[in-house]
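Novice: Numbering (this note's numbering), first residue to last: 363 to 652. Below you'll find the structure I mean.
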């Protein structure tokens, strides 16, 4: 079954031709990326749904003693902060390490994660300002998180293998990755133009796991992105959502390409109670080290 209608396919072809012909793509700066990400996530229920799933299927089953957690590509820590607060009071000790190459986001992560230990839980939070894979780890982590960050790693499959190797016996690796579906069509083209290679989606991860004989469980989260401000007299917030969706400064793209982008996004949108929503699904993969 085709994912797109004939008209949508024509728009996608037009977008692909336009992106291929661009002399320059204005990528988001580190500061702009961090800002756009937070606005984007605040307008989606995806993060909330992922946290709910993690609580039920992973966090609730962790040891009540000492736990070591690694968050790869932790960003500003907005996600990890909620996980940490969820665990405080339920464990004796938590060692929480983030890895983030963006200095601005790493600093924000550290600020968010400086939670005072309470009577029942001792907390040790830290961050490494670097890309994952630059240093070896022992088999020391009870939980490793790759939440929407695998796209930005240099060699994704090697990083997955390194993460699995860094798990302690019984440890769990969680990889949250987008499917190659409608919301990511434009970003994937921009990504290829910027980086010279395709992005990494759930099909790619599934293929790696199957090829390597790695056992995993998979769950689809059918989230939605409130993109109303992208279409109704576009606001600063709407512009940030659009820029993160496209992974570039949309206003600096040629007008015909901007028009195609708006037309395509409108074609995949749904209107509910006066708001315009875009599909924002995500797949969660869970591997447990025997």
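We put the CB at the ideal spot given by N, CA and C, even for glycine.
So the candidates are 526, 596, 638, 564; which of them puts its Cα closest to the Cα of residue 590?
Specialist: Within the chain shown, numbered from 1, the residue matching residue 590 stands at position 228. Minimum Cα distance to residue 590 is reached at 638.
Novice: Could you please give me the residues that DSSP links to residue 649 through a beta bridge?
Specialist: Sequence index remark: in the chain shown, residue 649 carries index 287 (1-based). BP columns for residue 649 point to 535.
Novice: Roughly how far, in whole angstroms, is the beta-carbon of residue 528 from the beta-carbon of residue 512, given that I think they are within contact range, below 8 Å?
Specialist: By one-based count along the chain shown, residue 528 stands at place 166. By one-based count along the chain shown, residue 512 stands at place 150. Incorrect: roughly 15 Å between the Cβ atoms, too far for contact.
Novice: Quick check: the Cα distance between residue 431 and residue 501, rounded to an integer number of angstroms?
Specialist: Taking the first residue of the chain shown as 1, we reach residue 431 at position 69. Taking the first residue of the chain shown as 1, we reach residue 501 at position 139. Going by the C-alpha atoms only, they are around 12 Å apart.
Novice: Cβ atoms of residue 646 and residue 581: under 8 Å apart, would you say?
Specialist: The residue labelled residue 581 in the question sits at position 219 within the chain shown. The residue labelled residue 646 in the question sits at position 284 within the chain shown. Closer than 8 Å, so yes.
Novice: Comparing alpha-carbon positions, which option in 402, 519, 424 lies nearest residue 440?
Specialist: Taking the first residue of the chain shown as 1, we reach residue 440 at position 78. Closest option to residue 440, Cα to Cα, is 402.
Novice: Comparing C-alpha positions only, which one of 453, 474, 421 sits nearest to residue 481?
Specialist: On the chain shown, position 119 is the one that residue 481 refers to. Selected option, being the one with the closest Cα: 453.
Novice: Tell me, to the nearest whole angstrom, how far the beta carbon of residue 587 is from that of residue 419; I am working on the premise that it is less than 8 Å.
Specialist: For this step, residue 587 is matched to residue 225 along the chain shown. For this step, residue 419 is matched to residue 57 along the chain shown. Not really, about 23 Å apart at Cβ, beyond 8 Å.
Novice: If you compare alpha carbons, which of 508, 449, 436 is closest to residue 473?
Specialist: Mapped onto the chain shown, residue 473 falls at position 111. The option with the nearest alpha carbon to residue 473 is 436.
Novice: Report, in whole angstroms, the separation of the C-beta atoms of residue 611 and residue 605, which I expect to be a contact under 8 Å.
Specialist: For this step, residue 611 is matched to residue 249 along the chain shown. For this step, residue 605 is matched to residue 243 along the chain shown. That pair is a contact at about 6 Å.
Novice: Near residue 630, which residues of its chain fall below 8 Å by C-beta distance, leaving aside the five closest residues on each side in sequence?
Specialist: For the purposes of this step, residue 630 is identified with residue 268 of the chain shown, where counting begins at 1. Contacts found: 370, 544, 545, 640, 641.
Novice: Please classify residue 516 as buried or exposed, where buried requires at least 16 other C-beta atoms within 10 Å of its C-beta.
Specialist: For the purposes of this step, residue 516 is identified with residue 154 of the chain shown, where counting begins at 1. Burial call: exposed.
Novice: Note the first and the last residue of the continuous beta strand (DSSP E) segment covering residue 492.
Specialist: For this step, residue 492 is matched to residue 130 along the chain shown. First-last for residue 492: undefined, no H or E at that position.
Novice: Which ranges does the alpha helix (DSSP H) cover as unbroken runs of at least 4 residues, wholly within the stretch 529 to 584, from first to last along the chain?
Specialist: Whole alpha helix (DSSP H) segments, 4+ residues: 547 to 557, 564 to 574.
Novice: Quick one: complete beta strand (DSSP E) runs, 3+ long, within the stretch 415 to 464?
Specialist: Runs of the beta strand (DSSP E) inside the stretch 415 to 464: 428 to 434, 455 to 461.
Novice: Looking only at its chain, what residues have a beta carbon closer than 6 Å to the beta carbon of residue 632, apart from the 5 residues adjacent to it on each side?
Specialist: In the chain shown, counting from the first residue as 1, residue 632 sits at position 270. Cβ within range, chain order: 639.
Novice: Would you list the residues sitting across from residue 506 in a DSSP beta bridge?
Specialist: Within the chain shown, the letter at position 144 stands for residue 506. Bridge partners of residue 506: 432, 535.
Novice: For residue 503, collect the residues of the same chain with a Cβ closer than 7 Å to its Cβ; drop the 5 residues on either side in sequence, then sort them by chain order.
Specialist: Here residue 503 refers to the residue found at position 141 of the chain shown. Taken in chain order, the residues that qualify are 430, 431, 432, 528, 529, 530, 533.
Novice: Mind checking which residues open and close the beta strand (DSSP E) that includes residue 632?
Specialist: By 1-based counting over the chain shown, the position of residue 632 is 270. Residues 632 to 634.
Novice: Going by C-alpha distance, which of 399, 593, 566 is nearest residue 636?
Specialist: Translated into the one-based positions of the chain shown, residue 636 becomes position 274. When only C-alpha atoms are compared, the closest one is 593.
Novice: Which class does residue 366 belong to by DSSP, given the choice of helix, strand or coil?
Specialist: Stepping through the chain shown from its first residue, residue 366 is reached at position 4. Coil at residue 366, not helix or strand.
Novice: Following the continuous alpha helix (DSSP H) through residue 483, name the residue where it begins and the one where it ends.
Specialist: For the purposes of this step, residue 483 is identified with residue 121 of the chain shown, where counting begins at 1. Where residue 483 is concerned, there is no enclosing alpha helix (DSSP H), given that its DSSP letter is neither H nor E.
Novice: Could you give the distance in angstroms between the alpha-carbon of residue 492 and the alpha-carbon of residue 397?
Specialist: Reading the chain shown from its first residue, position 130 is the one you call residue 492. Reading the chain shown from its first residue, position 35 is the one you call residue 397. Between residue 492 and residue 397, the C-alpha separation is close to 20 Å.
Novice: Can you tell me which residues form a DSSP beta bridge with residue 642?
Specialist: The sequence position of residue 642 within the chain shown is 280, counting from 1. Looking at the DSSP assignment, residue 642 forms a beta bridge with 585.
Novice: Measure from the alpha carbon of residue 623 to the alpha carbon of each residue in 367, 373, 365, 364, then state which is nearest.
Specialist: Against the chain shown, residue 623 aligns to sequence position 261. It is 373.
Novice: Give a yes or no on whether the C-beta atoms belonging to residue 399 and residue 609 are separated by under 8 Å.
Specialist: Residue mapping note: residue 399 aligns to position 37 of the chain shown, counting from 1. Residue mapping note: residue 609 aligns to position 247 of the chain shown, counting from 1. No, the pair does not count as a contact, with Cβ atoms beyond the cut-off.
Novice: Could you give the first and the last residue of the continuous alpha helix (DSSP H) run that contains residue 598?
Specialist: Within the chain shown, the letter at position 236 stands for residue 598. Residue 598 -> alpha helix (DSSP H) spans 598 to 608.
Novice: In three-state DSSP terms, what is residue 613?
Specialist: The residue you call residue 613 lines up with position 251 of the chain shown. It is helical.
Novice: So the candidates are 585, 652, 614, 596; which of them puts its Cα closest to the Cα of residue 413?
Specialist: Within the chain shown, the letter at position 51 stands for residue 413. Among 585, 652, 614, 596, the Cα nearest to that of residue 413 belongs to 585.
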